[in-house]
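Enquirer: Right, I'll just put the structure down here and ask away after.
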Amino acid sequence: MNKRRWIAAAIAAGLFICSGVFSVITNRPEQEETQTLQGLNALFYGSNAIEETTLVAGDQDNRIVRLSLEGTIASSSSGGLFTTESYDHQRFLEELRMIQEDPTIGGILMEVNTPGGGVYESAEIARELAKIKELGIPMYVSMKNMAASGGYYISAGADKIFATDETITGSIGVIMSGLNYAGLFEKLGIEDNTYKSGALKDVGSATREPTEADKEVLQTYVDNAYGRFVKIVAEGRGMTEEAVRKIADGRIYDGQQAVSVGLVDEIGFPEDTLAAMQADLGLEDAEIFSYDVSSTGFASTWLGSSLAELQGLKESNTERVIQLMESLGTSDAPKPLYYYGGE
Numbered sequence: 026m027n028k029r030r031w032i033a034a035a036i037a038a039g040l041f042i043c044s045g046v047f048s049v050i051t052n053r054p055e056q057e058e059t060q061t062l063q064g065l066n067a068l069f070y071g072s073n074a075i076e077e078t079t080l081v082a083g084d085q086d087n088r089i090v091r092l093s094l095e096g097t098i099a100s101s102s103s104g105g106l107f108t109t110e111s112y113d114h115q116r117f118l119e120e121l122r123m124i125q126e127d128p129t130i131g132g133i134l135m136e137v138n139t140p141g142g143g144v145y146e147s148a149e150i151a152r153e154l155a156k157i158k159e160l161g162i163p164m165y166v167s168m169k170n171m172a173a174s175g176g177y178y179i180s181a182g183a184d185k186i187f188a189t190d191e192t193i194t195g196s197i198g199v200i201m202s203g204l205n206y207a208g209l210f211e212k213l214g215i216e217d218n219t220y221k222s223g224a225l226k227d228v229g230s231a232t233r234e235p236t237e238a239d240k241e242v243l244q245t246y247v248d249n250a251y252g253r254f255v256k257i258v259a260e261g262r263g264m265t266e267e268a269v270r271k272i273a274d275g276r277i278y279d280g281q282q283a284v285s286v287g288l289v290d291e292i293g294f295p296e297d298t299l300a301a302m303q304a305d306l307g308l309e310d311a312e313i314f315s316y317d318v319s320s321t322g323f324a325s326t327w328l329g330s331s332l333a334e335l336q337g338l339k340e341s342n343t344e345r346v347i348q349l350m351e352s353l354g355t356s357d358a359p360k361p362l363y364y365y366g367g368e
């Protein structure tokens with residue numbers, strides 16, 4: 026590297042450091058939606074905005090968008106290009122809202138690979154998908170390794186569902202689990218001194234034995250969430266709620282089993298799902314595209330990641346773990362989940 030390049034590199038590094046220091050001093054962003062970067066941050070990291078990537082060229086007035094839901098459905102990240110998790114809930118919701126505003130989209134191919142997750146987060150996705158359905162935009166779902174519990178919840182309203190023979194799906198139901206240390210505390214001579222305004226204020230407490238009233242309250246809560254799940258499946262698959270309840274005892278199904286009980290339409294991989302969609306909807310000449318986050322290579326380097334964390338643009342590992350725990354619940358504060366395998 027010659028002298029001129031060294032000078033240019035030093036100037037760039039100095040500008041970047043100044044940008045980082047200024048960002049730390051002025052603000053630490055805490056937003057629900059993915060933050061769009063500007064100025065020097067955009068130059069070094071990328072804009073962090075959601076942009077389109079063309080996968081197959083074609084008719085731009087009648088397009089297919091290829092969505093991917095990969096990982097546990099939880100509000101564990103909203104960092105866009107700084108996200109280390111495979112699933113970014115806020116970004117996925119943004120993509121669904123972008124579809125609602127795009128008149129050129131003639132079909133959606135959604136690839137699903139998830140064990141499910143939070144009841145609330147699954148309902149958020151289902152709500153946005155329902156809005157899309159009201160607009161008359163067809164959606165085909167391709168289940169990959171797993172589309173269980175919440176993964177099936179968000180898939181149920183699709184026009185057609187494909188799965189492979191090896192896909193794990195089903196697990197229709199709700200789970201809410203926690204640990205109880207009351208017996209251990211008694212052996213250790215530890216007493217639980219909790220002062221509460223009502224008998225059920227600490228329902229689900231890990232430090233005392235649950236009462237019959239505790240069990241009734243929590244079971245009712247779970248049953249209500251299960252009822253909503255059953256209704257979603259019944260409406261999406263054109264089945265009665267009674268028929269759904271017969272097959273929705275929490276068990277998992279492989280692809281062929283899911284076809285036999287009416288949860289899946291056909292066996293196939295994503296490319297088979299896409300081909301069927303194009304043939305069924307007359308979209309053989311459609312442009313196919315996906316959504317991606319605008320970024321630079323620097324954002325994925327150790328230095329870029331460290332500086333982004335210093336600026337408050339990226340959550341620390343501790344913050345991500347805490348956020349995930351709060352989203353899915355803990356043994357002390359369990360939450361109902363549409364999730365295969367529990368917590």
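Each residue of the sequence shown is one higher than the last, beginning at 26 in this note's numbering.
For every residue, glycine included, the Cβ atom is placed at its ideal position computed from N, Cα and C.
Model, not experiment: these values are computed from the prediction.
Considering residue 76, what are the terminal residues of the beta strand (DSSP E) in which it resides?
Expert: Start and end: 75-81.
Enquirer: Quick check on residue 81: buried or exposed, where buried means 16 or more other Cβ atoms within 10 Å of its Cβ?
Expert: The residue in question, residue 81, is exposed, as its Cβ has fewer than 16 Cβ neighbours within 10 Å.
Enquirer: For residue 49, does the count of other Cβ atoms within 10 angstroms reach 16, so buried, or fall short, so exposed?
Expert: The predicted position of residue 49 is uncertain, since its pLDDT is 42 and thus under 50; no value can be drawn from it.
Enquirer: To which residues does DSSP link residue 372 through a beta bridge?
Expert: With the chain covering 26 to 368 only, the question about residue 372 has no answer from this structure.
Enquirer: Determine the burial state of residue 220: buried for a count of at least 16 other Cβ atoms within 10 Å of its Cβ, exposed for fewer.
Expert: Answer is exposed; the Cβ neighbour count stays below 16.
Enquirer: Taking only the alpha-carbon atoms, compute the straight-line gap between residue 175 and residue 360 and give it to the nearest angstrom.
Expert: So the alpha carbons of these two residues sit roughly 14 Å apart.
Enquirer: On a CA-only basis, which of 259, 199, 246 and 222 is nearest residue 287? Give me that one, please.
Expert: Minimum Cα distance to residue 287 is reached at 259.
Enquirer: Could you name the residues of the same chain whose beta carbon sits closer than 6 Å to that of residue 87, not counting the 5 residues immediately before and after it, in chain order?
Expert: Cβ neighbours of residue 87 beyond the five flanking positions: 131 and 311.
Enquirer: Who are the Cβ neighbours of residue 281 in its own chain at under 8 Å, not counting the five residues just before and after it?
Expert: Contacts found: 190 and 292.
Enquirer: Going by DSSP, which residues form a beta bridge with residue 362?
Expert: Answer by DSSP bridge pairing, in chain order: 143 and 200.
Enquirer: Is it the case that the Cβ atoms of residue 314 and residue 91 are separated by a distance below 9 Å?
Expert: Yes. Within cutoff.
Enquirer: What separation, rounded to the nearest whole angstrom, lies between the Cα atoms of residue 252 and residue 244?
Expert: Distance between the alpha carbons of residue 252 and residue 244: 12 Å.
Enquirer: For residue 290 versus residue 185, is the C-beta spacing smaller than 9 Å?
Expert: Yes; because the gap between Cβ atoms is below 9 Å, this pair is in contact.
Enquirer: Rounding to the nearest angstrom, what Cα-Cα distance links residue 157 and residue 120 in this structure?
Expert: In a straight line, the C-alpha of residue 157 is about 11 Å away from that of residue 120.
Enquirer: Could you spell out where the beta strand (DSSP E) holding residue 185 opens and where it closes?
Expert: Counting along the chain, the beta strand (DSSP E) containing residue 185 begins and ends at 185-188.
Enquirer: Would you call the region 229-246 and the region 204-217 touching, i.e. three or more CB-CB distances under 8 Å?
Expert: Taking 8 Å as the limit for Cβ pairs, the verdict is that the region 204-217 does touch the region 229-246.
Enquirer: Beta strand (DSSP E) containing residue 91: first to last residue?
Expert: Note, residue 91: beta strand (DSSP E), 84-95.
Enquirer: When DSSP builds the beta bridges, which residues end up paired with residue 165?
Expert: 134 and 185, per the DSSP bridge assignment.
Enquirer: Do you know whose CA, among 148, 317, 84 and 366, lies nearest residue 74's CA?
Expert: Measuring from the Cα of residue 74, the nearest candidate turns out to be 317.
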